[in-house]
Structures are given as structure tokens and as C-alpha cells.
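Its first residue numbered 256, the sequence shown is counted upward by one per residue in the numbering used here.
Just so you know, even glycine gets a beta-carbon here, dropped at the ideal spot from N, CA and C.
Worksheet: one structure, shown below.
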Amino acid sequence: MHFEKFIAAIHEEFPDDRLTYQKGVATFHPESAEESAGLFVLAGKHRQKLFVTGFGNNIVPVGAQFDGVVAVKSDRLNQLTRVVPEDFCVEVGAGYPLKELNQHLKEHGLFLPHADMPYVGSIGGALAIGLSALKDQHPLPIGRFFVMAQIAVPEGEVIKPGSACFKSVSGFDVVKIFSPSWGILGMIVTATLRVLPLTAAEEYKDMSLMPVEYAKFADLYRHPGENQSALYSLKIKNKFDPANILPLLK
Ligand SMILES: Cc1cc2nc3c(=O)[nH]c(=O)nc-3n(C[C@H](O)[C@H](O)[C@H](O)COP(=O)(O)OP(=O)(O)OC[C@H]3O[C@@H](n4cnc5c(N)ncnc54)[C@H](O)[C@@H]3O)c2cc1C
């Protein structure tokens with residue numbers, strides 16, 4: 256019953272085209288951070304579980320574990336908003352395809368190493384799963400390049416952790432907590448990524464993709480022990496999602 260009420264509330268608060276049914280799953284398509292945050296507020300009121308999704312290439316939110324869940328899809332948050340060559344950074348919507356980024360950065364003499372890898376997902380998805388490459392036998396997570404973000408958190412705020420300037424933040428850099436975060440801490444709406452000059456491309460050409468580590472993330476989330484990132488994740492989860500509208504999948 257609460258599901259129908261939630262759907263009715265979406266129709267009341269948002270333009271009709273924001274809600275579609277993809278493979279039968281009610282799917283909300285926010286067009287801004289404020290719309291994502293607005294949906295989260297409604298979900299909190301209606302105790303409605305949500306699942307944030309990018310392209311969902313491998314995991315489509317369909318099946319028993321998604322029964323009664325509403326998907327929130329980043330496909331309309333797909334703009335390349337800013338390229339700032341002098342600061343070596345780019346701001347991009349979460350729904351932008353990772354593989355397309357370097358085509359646009361090329362004209363500025365820039366590139367992002369992970370965008371040349373055979374990964375077919377969105378940038379938001381790549382950050383959320385903690386996409387990582389093996390470079391010279393060491394892991395190079397995409398999060399290393401993730402410097403700033405606009406994130407809609409379940410309590411209904413839009414937070415902007417991080418900084419695009421080169422001086423590093425003193426203390427814990429909160430933006431890093433969102434990579435990986437597997438969609439449970441909020442929706443990455445835009446990401447600012449540090450990029451590199453094309454002259455360095457040769458150095459990154461032999462990178463290979465590493466396996467995705469959902470099980471490790473889920474284990475740490477359940478049993479953080481002394482792991483600092485996991486402890487910060489849980490703090491953020493408790494602060495911003497007390498009603499657990501973005502649950503851990505399995
Ligand atoms: C639970 C799970 C386990 C997986 N295990 C493997 C595996 O073992 N091996 C493998 O090769 N691939 C695995 N994948 C698939 C891998 O995540 C894909 O590479 C990915 O699905 C590609 O599509 P995407 O980037 O559009 O992200 P999606 O598939 O749409 O989303 C991937 C994850 O990121 C989160 N997410 C997406 N966009 C955002 C956003 N804007 N803000 C916050 N969170 C976001 C989602 O909630 C989801 O948890 C797994 C996916 C999931 C969800």
C-alpha cells in the first residue's frame with residue numbers, strides 16, 4: 256500500500272515524465288541534484304526503499320531482491336559540465352558514459368586513464384563500484400582521481416564534499432568515501448575528476464581492469480573492525496540515511 260502512495264506522491268511532486276517503468280520496475284529519472292534529494296525526502300516519508308542505478312549493464316534492478324523497490328536512474332544526469340584545463344579537472348554528470356570521456360578531453364590535451372578501459376558503465380557507476388585498474392602490478396582505483404562531488408543524500412540534502420584545488424584536504428577526505436559506496440550512501444549527481452596531460456598517456460597504456468569487489472565492500476560494511484573507510488561509511492550512513500532507504504543489496 257505504501258508503494259502506491261509513494262508513486263502517487265511522485266506524480267504530485269514531479270513532472271510526469273520523471274517516472275517510467277523499465278522492465279516493469281518503477282524508475283525515477285532525476286534531472287538535477289535537487290530532484291534526487293526531493294525524491295529521497297519523499298522516500299523517507301513513505302519508508303520506501305530505493306536503488307540507485309547507472310546503466311545497470313550487469314545488474315538490472317529486477318528480481319526478487321528488488322520487489323517493491325523503486326530505481327533512481329542517472330541517465331538524464333549525463334552532461335559534461337566543465338573542463339578546466341589549467342586546473343586539470345573535469346566536472347561530469349553521473350550518467351555520462353565513462354568510455355566517452357577521453358574523446359572530449361582529447362581536444363584539451365587531457366585524459367583520464369580509466370576511461371580508456373573496456374568498462375561500459377556510467378561514471379557514477381564506475382565511482383560507486385570503486386572501479387580499479389592494475390598498473391605496474393599495483394591497483395589504481397578510479398577514486399584516486401575523484402576530487403569533488405555533488406551528492407544527494409537520503410536525508411534530502413545536497414552535499415558537496417571535496418575540493419578541486421591541488422592542495423590536499425587536511426584530515427579525512429569525505430569525497431573518497433563515496434568510491435566505493437555501491438549506491439548506499441547517496442546518489443552521486445556530478446563528479447569532478449582530476450585528469451592528466453595527454454603527454455602522460457603512454458605511462459598508462461598497459462593498465463588492465465581488476466575484478467569488482469562487491470563482496471569485500473559488503474563484508475567490511477557489516478564488520479568494519481578497525482577499517483577507517485568502513486567506519487566513516489557507517490558514520491555517513493547513520494547520519495544521512497537513518498531510515499535506510501538505500502539498503503545494502505545482499
Ligand atoms: C551488487 C553488484 C555486484 C556486482 N558484481 C560484479 C562482479 O563481481 N564482477 C563484475 O564484472 N561486475 C559486477 N557488477 C557489475 C558492475 O558493477 C558493472 O560494471 C556495472 O553494473 C556497470 O554499470 P554502471 O556503471 O552503469 O553501474 P550500475 O550497474 O547501474 O550500478 C553499479 C553500482 O553502483 C551504484 N551506482 C550507480 N550509479 C550511481 C550513482 N550515480 N550514485 C551512487 N551510486 C551509483 C549502484 O547502486 C550499484 O550498486 C556488480 C554490480 C552490482 C550492483
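query, result
"Fully enclosed by the region 289-332, which beta strand (DSSP E) runs are 3 residues long or longer?", "305-308, 325-328"
"Would you kindly report the start and end of the unbroken beta strand (DSSP E) that includes K460?", "Neither: K460 is in no beta strand (DSSP E) and is coded neither H nor E."
"Under the assumption that L395 contacts A404 (Cβ atoms under 8 Å), give the Cβ distance between them as a whole number of angstroms.", "Wrong, their Cβ atoms sit about 19 Å apart, outside the cutoff."
"Based on Cα-Cα distance, which residue from M372, Y374, V338 lies nearest to E362?", "V338"
"Closer than 6 Å by C-beta to T282: which residues in its own chain qualify, once you throw out the five before and the five after it? Chain order, please.", "T275, A326, K328"
"Among the candidates H369, Q392, H393, whose CA atom is the shortest distance from the CA of L382?", "H369"
"Do the region 427-434 and the region 479-495 make contact, defined as three or more Cβ pairs closer than 8 Å?", "yes"
"Beta carbon of V467: closer than 7 Å to some heavy atom of ligand 1?", "yes"
"Looking at C-alpha atoms only, which residue of L501, I384, P373 is the closest neighbour of I439?", "L501"
"Between the region 289-302 and the region 407-417, do three or more beta carbon pairs fall short of 8 Å?", "yes"
"Report the residue from I406, P285, Q392, F258 whose alpha carbon sits nearest the alpha carbon of P270.", "P285"
"Let me check you understand the geometry: is the CB of V280 closer than 7 Å to at least one non-hydrogen atom of ligand 1?", "no"
"On the DSSP letters alone, give me the boundaries of the alpha helix (DSSP H) that A381 sits inside.", "378-383"
"Please state whether the Cβ-Cβ distance between V402 and S418 is less than 8 Å.", "yes"
"Tell me whether F427 is buried or exposed, calling it buried when 16 or more other Cβ atoms sit within 10 Å of its Cβ.", "exposed"
"Check the DSSP bridge columns for T275 and list the partner residues they point to.", "T282"
"For H478, which three-state DSSP category applies?", "coil"
"Give a yes or no on whether the C-beta atoms belonging to L365 and L451 are separated by under 8 Å.", "yes"
"Assuming P352 and S377 make a contact with CB atoms under 8 Å, what is their CB distance in whole Å?", "6 Å"
"Alpha carbon to alpha carbon, how far is A473 from E355?", "30 Å"
"Should M403 be listed as close to ligand 1, given that the test is whether its C-beta is under 7 Å from any heavy atom?", "no"
"Which whole-angstrom value describes the C-beta separation of G379 and A407, a residue pair presumed to lie in contact below a C-beta threshold of 8 Å?", "Their Cβ separation, rounded to whole angstroms, is 11 Å, which puts G379 and A407 out of contact at 8 Å."
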